[in-house]
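162 is the number of the first residue of the sequence shown in our numbering; add one for each residue after it.
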Amino acid sequence: MEGEKVMELSPALIIKKRHGETVYHFLKQKKWLQSEKHPREIENDLLAIPINEICPLTEDEISIIIHEERIDIRIENIEMITNPPSVEPHARLHQFITQWLQSNLDIVDTIPHRSKEEMMRGLLSELPKRWEKLGDLILLPQTAFSSEKWISIICEENQLSLWKCIAEALKVERIGKQKSIKGDVIRSSQAQLLLGDSSWVELLDYGVKFGFDACKVMYSSGNVTERHRIGNMDMKGEIIVDCYAGIGYYTLPMLVRGDAELVHACEINHHSITALEWGAKANNVSDRLIIHQGDNALTMTKLEGIADRCHLGLLPSSQSAWKLAIACLKEKGGTLHIHMNVEEEKIEQWIESTINILQQYVIELKRDYNVEVLHLEKVKWFAPRVRHVVLDVEFIHYD
Numbered sequence: 162m163e164g165e166k167v168m169e170l171s172p173a174l175i176i177k178k179r180h181g182e183t184v185y186h187f188l189k190q191k192k193w194l195q196s197e198k199h200p201r202e203i204e205n206d207l208l209a210i211p212i213n214e215i216c217p218l219t220e221d222e223i224s225i226i227i228h229e230e231r232i233d234i235r236i237e238n239i240e241m242i243t244n245p246p247s248v249e250p251h252a253r254l255h256q257f258i259t260q261w262l263q264s265n266l267d268i269v270d271t272i273p274h275r276s277k278e279e280m281m282r283g284l285l286s287e288l289p290k291r292w293e294k295l296g297d298l299i300l301l302p303q304t305a306f307s308s309e310k311w312i313s314i315i316c317e318e319n320q321l322s323l324w325k326c327i328a329e330a331l332k333v334e335r336i337g338k339q340k341s342i343k344g345d346v347i348r349s350s351q352a353q354l355l356l357g358d359s360s361w362v363e364l365l366d367y368g369v370k371f372g373f374d375a376c377k378v379m380y381s382s383g384n385v386t387e388r389h390r391i392g393n394m395d396m397k398g399e400i401i402v403d404c405y406a407g408i409g410y411y412t413l414p415m416l417v418r419g420d421a422e423l424v425h426a427c428e429i430n431h432h433s434i435t436a437l438e439w440g441a442k443a444n445n446v447s448d449r450l451i452i453h454q455g456d457n458a459l460t461m462t463k464l465e466g467i468a469d470r471c472h473l474g475l476l477p478s479s480q481s482a483w484k485l486a487i488a489c490l491k492e493k494g495g496t497l498h499i500h501m502n503v504e505e506e507k508i509e510q511w512i513e514s515t516i517n518i519l520q521q522y523v524i525e526l527k528r529d530y531n532v533e534v535l536h537l538e539k540v541k542w543f544a545p546r547v548r549h550v551v552l553d554v555e556f557i558h559y560d
């Protein structure tokens with residue numbers, strides 16, 4: 162038992178249910194939520210979201226967040242469910258696996274008692290510290306439960322009980338395991354489903370619906386802040402080329418939240434395209450999306466001179482498509498969003514080098530553009546001393 166739930170009066174933001182997901186994630190990002198309480202539905206299709214007393218959100222600010230001119234909200238004290246402190250997931254995993262090991266090591270009669278204790282300590286020390294949660298599916302890292310120690314005790318008879326134990330500990334229904342990304346052109350995912358009947362996942366992120374097969378395509382939860390940043394940009398009336406669309410990581414936020422007029426999505430992986438088509442339909446934006454299947458070295462040449470903005474979201478580098486992206490911009494200019502993995506101490510040097518390369522491409526394409534840095538976003542650490550960054554670059558036409 163982790164404790165009992167109780168009801169108590171708390172300040173809550175009252176808003177229409179259809180806006181709840183978007184506003185909730187905004188409040189969470191700003192740290193204005195009461196995290197120990199959960200939103201609850203109240204009368205007339207309304208949702209009460211528990212907030213801190215210091216929350217300064219106004220009607221005008223919410224109108225901007227949800228892209229509606231008029232919005233009725235109110236803040237009042239209502240009874241909310243307060244959850245007791247939950248056991249931290251790493252502690253739960255340690256606790257559940259300890260019990261599993263006690264049952265399964267007892268079966269191995271050849272191991273002396275003292276050796277069993279030592280072996281258990283060693284096995285527990287190798288439990289994964291990180292994993293990716295995708296709805297009710299946990300993707301374990303490739304190295305999890307793969308050492309010689311673990312292989313020596315996992316067998317056909319007990320492996321299903323192990324995966325069920327992990328699922329119960331982490332409160333999910335399905336377990337998968339990541340594998341190395343294939344070195345092919347489409348960078349295929351090779352994740353393996355260990356528990357469950359299907360690896361199809363559906364997520365709602367900041368008001369945008371995603372669906373994909375987690376064993377066939379990649380989904381990076383770590384890029385969530387960048388997806389939100391791109392989605393927050395006002396793209397109304399813009400034509401956009403997403404040079405590496407994937408399952409729609411950025412395509413869908415640009416359409417759903419950025420309100421882009423049209424996105425041309427370039428993608429080579431047919432599994433990703435299946436997911437992108439699902440997402441477009443689920444978000445009701447299919448009529449504003451054109452998918453170009455195949456190598457973008459070929460598909461982007463058919464999109465010259467049409468774009469207000471191009472998104473280059475390939476890591477570790479998207480440089481192979483920079484010149485093509487500039488060629489896609491309208492004569493009046495536009496914006497590129499360039500993703501790259503860069504060593505922290507070399508970021509300024511990389512920015513300068515990138516601008517020089519882009520200026521050279523402008524000359525080669527005979528475009529009358531000035532090239533200016535708009536913004537550098539540090540998304541996350543990719544590896545020790547290596548940052549995933551996004552450079553926003555503006556191309557301004559001159560006479």
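Each residue gets a CB set at the ideal place from its N, CA and C atoms; glycine is no exception.
(Q) Which runs of the alpha helix (DSSP H) at least 4 residues long sit entirely within the region 470-540? Give them in chain order. (A) Counting only runs of 4 or more, we get 483-489 and 508-525.
Q: With a 10 Å radius around its C-beta and 16 neighbouring C-beta atoms as the bar for buried, classify M162 as buried or exposed.
A: Reliability fails at M162, whose pLDDT of 39 lies under 50, so the model's placement of it is uncertain and no value is given.
**Q.** Sequence-distant residues of its chain with Cβ nearer than 6 Å to L497 (five each side left out)
**A.** Beyond the five residues adjoining it in sequence on each side, L497 comes within less than 6 Å, by CB distance, of C471, A486 and V554 in the same chain, given in chain order.
**Q.** Cut-off 7 Å between Cβ atoms - residues of its own chain near I557, not counting five sequence neighbours on either side
**A.** Within the same chain, Cβ atoms closer than 7 Å to the Cβ of I557 are found at G494, Y530, N531 and E533, the five residues on either side in sequence being excluded.
Q: Within the same chain, show all residues whose beta-carbon is closer than 6 Å to that of A441, passing over the 5 residues directly before and after it, in chain order.
A: For A441, where only same-chain residues beyond five positions count, the Cβ hits under 6 Å are S447 and L450.
Q) V369 bridges to which residues according to DSSP? A) As DSSP reads the structure, V369 sits in a beta bridge with D366.
Q) Of all the options L537, E492 and I518, which has the alpha carbon lying nearest to the alpha carbon of E509? A) Per the Cα distances, L537.
Q.
By alpha-carbon positions, which one of V417, D420 and C404 ends up nearest to E428?
A. Checked all of V417, D420 and C404; the closest Cα to E428 is C404.
Q. Do you know offhand how far E564's Cα is from C326's?
A. In the structure as shown, the chain starts at 162 and stops at 560, and residue 564 therefore has no counterpart that could be examined.
Q: Taking R253 as part of the alpha helix (DSSP H), name the residues at either end of that continuous run.
A: From DSSP, the alpha helix (DSSP H) with R253 extends over P250 to L266.
Q: Sort out for me which residues DSSP pairs V402 with in a bridge.
A: According to DSSP, which records beta bridges pairwise, V402 is partnered with H425 and C471.
Q. E287: which of A305, Q260 and Q320 sits nearest, CA to CA?
A. Of the candidates A305, Q260 and Q320, A305 places its Cα closest to the Cα of E287.
Q. Between the region 370-386 and the region 308-326, do three or more beta carbon pairs fall short of 8 Å?
A. No, they do not touch.
Q: Would you list the one or two residues that DSSP bridges to A436?
A: A436 is not bridged to any residue.
Q: In angstroms with no decimal places, state the Cα-to-Cα distance between L364 and L356.
A: In a straight line, the C-alpha of L364 is about 19 Å away from that of L356.
Q: Classify K338 as buried or exposed, calling it buried when 16 or more other Cβ atoms lie within 10 Å of its own Cβ.
A: The residue is buried, with at least 16 neighbouring Cβ atoms inside 10 Å.
**Q.** I467 to T412 span [Cα, whole Å]
**A.** Using only the alpha carbons, I get a separation of about 17 Å.
Q. Could you give the distance in angstroms between the alpha-carbon of S478 and the alpha-carbon of G368?
A. Cα to Cα, the separation comes out at about 29 Å.
Q | Simplified DSSP assignment, three categories, for P172 | A | Here P172 sits in strand by DSSP.
Q) Should K377 be flagged as near chain C, meaning a C-beta pair shorter than 9 Å? A) Protein chains in the displayed structure number just one, and chain C is not present.
Q: Give me the Cβ distance between H549 and H500, rounded to the nearest whole Å; I'm assuming they're in contact under 8 Å.
A: In this structure H549 is in contact with H500, their Cβ atoms being roughly 7 Å apart against a cut-off of 8 Å.
Q | Proximity of E240 and S171 at Cβ, strictly below 9 Å | A | Going by C-beta atoms, E240 is nearer than 9 Å to S171.
**Q.** L354 to V547 span [Cα, whole Å]
**A.** Cα to Cα, the separation comes out at about 30 Å.
(Q) For M415, report the span of its alpha helix (DSSP H) as first-last. (A) For M415, the uninterrupted alpha helix (DSSP H) segment begins and ends at T412 to V417.
**Q.** Local conformation of K192 per DSSP, three classes
**A.** If DSSP states are grouped into helix, strand and coil, K192 belongs with coil.
Q: Please confirm whether N265 and I336 have their CB atoms less than 9 Å apart.
A: Not closer than 9 Å, so no.
Q.
My output table needs one value for N319: the three-state DSSP class, helix, strand or coil.
A. In the three-state DSSP reduction, N319 falls in the coil class, being neither helix nor strand.
Q) Can you name the residues that DSSP bridges to D553? A) Residue pairing for D553: DSSP places it in a beta bridge opposite H498 and H536.
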